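Residue numbers (the working numbering), protein chains in the order written: chain B, 7 to 217; chain W, 195 to 601. Quick reminder that beta carbons are idealized off the backbone N, C-alpha and C, glycines included. Please read all numbers here as calculations on a predicted model, not as lab measurements.
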Amino acid sequence: MKKILLLLLTMGLVTHTAYAQEETDETTEESTPATETATKKPARSRSLQNWGVSLSTLQWNETLRVQDGINMSRQPANYNAITVTLMKEITYYRWGWSAGVFIGSGRANGGVPGEGYLQDKVAFTTYGVSPRGFYRFSGRINAGVTLMGMYKNIDWPRETSTQIVDAGRNLYVAGLLDLNIRLFRKWDFYSGLGPLKEGDTLWKVGVNYRF
Amino acid sequence: MRARYRFLLIILSRHLEFLIVRHIKYLLAVFIFAAILQTETAEAYPDFIGYSYSSCITCHYNGLGGGALNDYGRALFAGEITSRAVFPKKMEDEEISMMSGFLGTKQLPWWVRPGLKYRGLWLKTSPGSKATIEKFYNMQNDINMNFFLDKKQTYALITTIGYTGQEAYYGKTNTWFMREYYLRWKQSNNLWIYVGQMDKAFGIRNVDHSAVNRKVITLGQFDQSQGAIAHFTYPDWDIALNAFFGNAAQEDNEKQKGYSIAGEYQVFEKFKIGGSFLMSESDLEKWKLAAFTTRMGLSKGSAIMAEIGLKERTPQIGVTDPELGTYALVQTLVNLERGYNLLSVIEHSKRTITESSDESMKWAIGALMFPLPRTELRVMGVNNKTYQASGGAEDQWSLQGQVHVSY
Chain B
7 MKKILLLLLT
17 MGLVTHTAYA
27 QEETDETTEE
37 STPATETATK
47 KPARSRSLQN
57 WGVSLSTLQW
67 NETLRVQDGI
77 NMSRQPANYN
87 AITVTLMKEI
97 TYYRWGWSAG
107 VFIGSGRANG
117 GVPGEGYLQD
127 KVAFTTYGVS
137 PRGFYRFSGR
147 INAGVTLMGM
157 YKNIDWPRET
167 STQIVDAGRN
177 LYVAGLLDLN
187 IRLFRKWDFY
197 SGLGPLKEGD
207 TLWKVGVNYR
217 F
Chain W
195 MRARYRFLLI
205 ILSRHLEFLI
215 VRHIKYLLAV
225 FIFAAILQTE
235 TAEAYPDFIG
245 YSYSSCITCH
255 YNGLGGGALN
265 DYGRALFAGE
275 ITSRAVFPKK
285 MEDEEISMMS
295 GFLGTKQLPW
305 WVRPGLKYRG
315 LWLKTSPGSK
325 ATIEKFYNMQ
335 NDINMNFFLD
345 KKQTYALITT
355 IGYTGQEAYY
365 GKTNTWFMRE
375 YYLRWKQSNN
385 LWIYVGQMDK
395 AFGIRNVDHS
405 AVNRKVITLG
415 QFDQSQGAIA
425 HFTYPDWDIA
435 LNAFFGNAAQ
445 EDNEKQKGYS
455 IAGEYQVFEK
465 FKIGGSFLMS
475 ESDLEKWKLA
485 AFTTRMGLSK
495 GSAIMAEIGL
505 KERTPQIGVT
515 DPELGTYALV
525 QTLVNLERGY
535 NLLSVIEHSK
545 RTITESSDES
555 MKWAIGALMF
565 PLPRTELRVM
575 GVNNKTYQAS
585 GGAEDQWSLQ
595 GQVHVSY
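Here it is as C-alpha cells:
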C-alpha cells in the first residue's frame, strides 16, 4: 500500500504542470512569442492545468442481507474510509473539470444489537475514479458534480457456519453535488454529497493540495 | 402558491395570537402586523466576514455578536445584504439604508432603539416515509429595548424580552422571560465592559442553537448567564474575558458558574483565527471547553468558517469519570447574487474519545435568502449519519424551512 501511495505521489510531483486558477500567466495553452509581447497585449489565457492530491473521508451506509437457514433479515451497515486521490484539473474562465483516481481503506460497522447480527470495525478497502465537472463562481469558489465510480472490498464475518452475509454490490456509481473552496494558494476544502442507492447517502469531505 | 400563503398566514396568526392573548395593546399588534408586511432588514452573521465585516461590534450592540442590531448594522443589511428586487432600480442603496430604522426613515430619539425579532421553524423528519413527522416551532419571539445615556452611546442598557411557546424556558412554557439585560460601558475604543445577563463569550456565535457548538455544550438559546465581560478590541485582534454565575431563571443547583476567554486574531484581511476556553460548574455537572475557530472571507458575500473543539463534561453526582469528547463545525456560505446564498453546514461530534462511543454527523445544505427587507428565509435539507459504537444505523433525512423577521 505504501509503495502505491509513494508511486502516486511521485508521479504527481514529476508530472506537475501548473497550479492555480488565478495565476493566468503561468501555464496556458496559448503562449505568446517573446518577440510579440513588446508590441501586443498578452493573449488572454484560455485554461490552466494542474495536478493535485486529495486526502478525503468517504462515508456511506447500505443494507446487509443476513440469511441464516430460513431466516433472512436486513441490517444497516455504515462505512467510513480515508482515501487518497491523485487528480488532474483543467480550469477555464467559468468552467472546469478534473479527473482523479483514488484508493483508500476504512472500517465498517453492521447489524443491530439483539437482532441476529452484529459486527464492528470490519476492515475494507476501496478504489475508483472520480471525474468532476464544475462551475466557477469566483477564483476561490466552484461547485459541480463528481461522478464517483468506486469498488469496495469487504468480507463481512459470519457469526455461524450457516450464516450468509450479503453486502450487496461492490461496484457503485454515484453522482455527488459538491463545493470546492480555495482556502490558500495551494489548499482547497472539498465537500460533496449524493445518493448512493435508495435511502443511502455518500459523503466525501476532504482537502486538496495542488502541486 | 396557496401553500405559501397558508404558511404565511400560520406565521402571522400565531404571531398575533400570542400578542393578543397576552393582552398586548391592540395598536401594537397592528403595528407588528404592518411591520411584517413591510419589512426591511435581517440579522448579521459571523459569515459576513465575506463582506469584510469581521468585527461583530460593527453591526451589534454586543461586541461579541448576537442580539439586537445597531443603526449601522440595520443600514448595512438593508443596503448591502438584502435583495433590492422590491425597490425601484433608480433608488440608491443609501436611500434603502435610510429606511432601515425601526420607524423607517423617521428618526427615533437618540436615547432609545427598539427592535423586534421573530423566528419560526417548519420541520419535516423522514420525508417520504410512513414515520414522517411535521412540526412548526415558534423559536424566537423577542422584543429588544436598548437605552443610551449619552449620544455617543458610551453607556447603554441593552435588554431583550422573549416569549417562549411550547419550548420550555427552564421548565416554563407560554411565558415571557428576560433573555438578556446588561449594561455596556465603552471605556475607550479598545475596551468595552458588559455587566448583566448575556451570552457567554465562547467560540463562534452561529445562529443555529442546535449546532454542535451551541446548545449541547451549555451555549444554547436559553443559556445566557449573569456576569461581566471585559472585551479588549484592536484592529488586528480582540479578546474577551468573561466571569459568569448562571441564568437568573435557573435553580441554584443548576447554575453554571465559571469563566471563559475568547479571542480572535486577524492574520490578513478577511481571515481570522481564534481560540476559546471555558470552565464552569454547577452542583450537577462540570464543563471544560476549548475551541479553535477560524473565519475566512472568500469573495464578496461568501465565507467559510469552522470551529473545532474539545468538550469535557463531568457529572457531579455519583462517581463518574469525565467524558472528554470532540466537536467540529464547518459552515460555508456562497453568495449567488445579492440576497441569495447557498449554505452548507457540516457538523461532527463524539461524546467521548477515551472509549468507544457514537459519532454523530450532520450535513445541512440549502438556501439562505434575504428576499425582502428585514426578512430571512432558509430552506434546508439535513442528512444525519450516526456511526454507532456498535452496529450500524440508517441515515436520517429532514427538511427545514425557516422564516426570520427582524424589525
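Of all residues in the region 132-148 of chain B, only 143, 144, 146 and 147 place a beta-carbon less than 7 Å from a beta-carbon of chain W. As computed with DSSP, residue 357 (chain W) is found in a beta bridge with W:370.
Between residue 110 (chain B) and the set B:59, B:202 and B:132, the nearest pair of CA atoms involves B:132. Going by DSSP, residue 172 (chain B) is part of the beta strand (DSSP E) stretching over 169-172. In this model, residue 201 (chain B) and residue 568 (chain W) are separated by some 36 Å (Cα to Cα).
By the CB criterion at 8 Å, residue 525 (chain W) and residue 248 (chain W) fall outside the cutoff. Listed as beta-bridge partners of residue 579 (chain W) by DSSP are W:555. For residue 209 (chain B), the chain W residues whose C-beta falls within less than 9 Å of its own C-beta are 540, 555, 557, 577 and 579, listed in chain order.
For residue 54 (chain B), the enclosing beta strand (DSSP E) covers residues 54-74. In the DSSP assignment, residue 269 (chain W) falls within the alpha helix (DSSP H) that extends over 265-270. Counting of Cβ neighbours within 10 angstroms places residue 556 (chain W) among the buried residues, the total reaching 16 or more. Below the 8 Å Cβ cutoff, chain W contributes 588 and 589 as neighbours of residue 205 (chain B), in chain order. What residue 398 (chain W) touches in chain B, judged by beta-carbon distance under 8 Å, is nothing: the nearest beta carbon there is about 16 Å away. Residue range 287-292 is occupied by the alpha helix (DSSP H) that includes residue 292 (chain W). Neighbours of residue 498 (chain W) across chain B, judged by C-beta separation under 8 Å: 187, 189 and 195. At a cut-off of 8 Å between beta carbons, residue 179 (chain B) makes no contact with chain W. The criterion of a C-beta distance shorter than 8 Å is satisfied by residue 340 (chain W) and residue 352 (chain W). For residue 356 (chain W), the closest of W:522, W:342, W:397 and W:415 by C-alpha to C-alpha distance is W:415. When DSSP states are grouped into helix, strand and coil, residue 203 (chain B) belongs to the strand group.
Relative to residue 75 (chain B), the option among B:168, B:207, B:206 and B:198 whose CA is nearest is B:168. Counting the other Cβ atoms within 10 Å of the Cβ of residue 388 (chain W) gives 16 or more, which makes it buried. Close CB contacts of residue 478 (chain W) within its chain, under the 8 Å cut and outside five residues either way in sequence, are with 447, 448, 509, 510 and 511 (chain order).
Among the residues of chain W, none has a CB under 9 Å from the CB of residue 129 (chain B); the nearest is roughly 15 Å distant.
Where residue 509 (chain W) is concerned, the enclosing beta strand (DSSP E) starts and stops at 496-509. With fewer than 16 other beta carbons inside 10 angstroms of its own, residue 430 (chain W) counts as exposed.
Between the region 159-167 of chain B and the region 180-200 of chain B there are fewer than three inter-stretch CB-CB distances shorter than 8 Å, so the stretches are not counted as touching.
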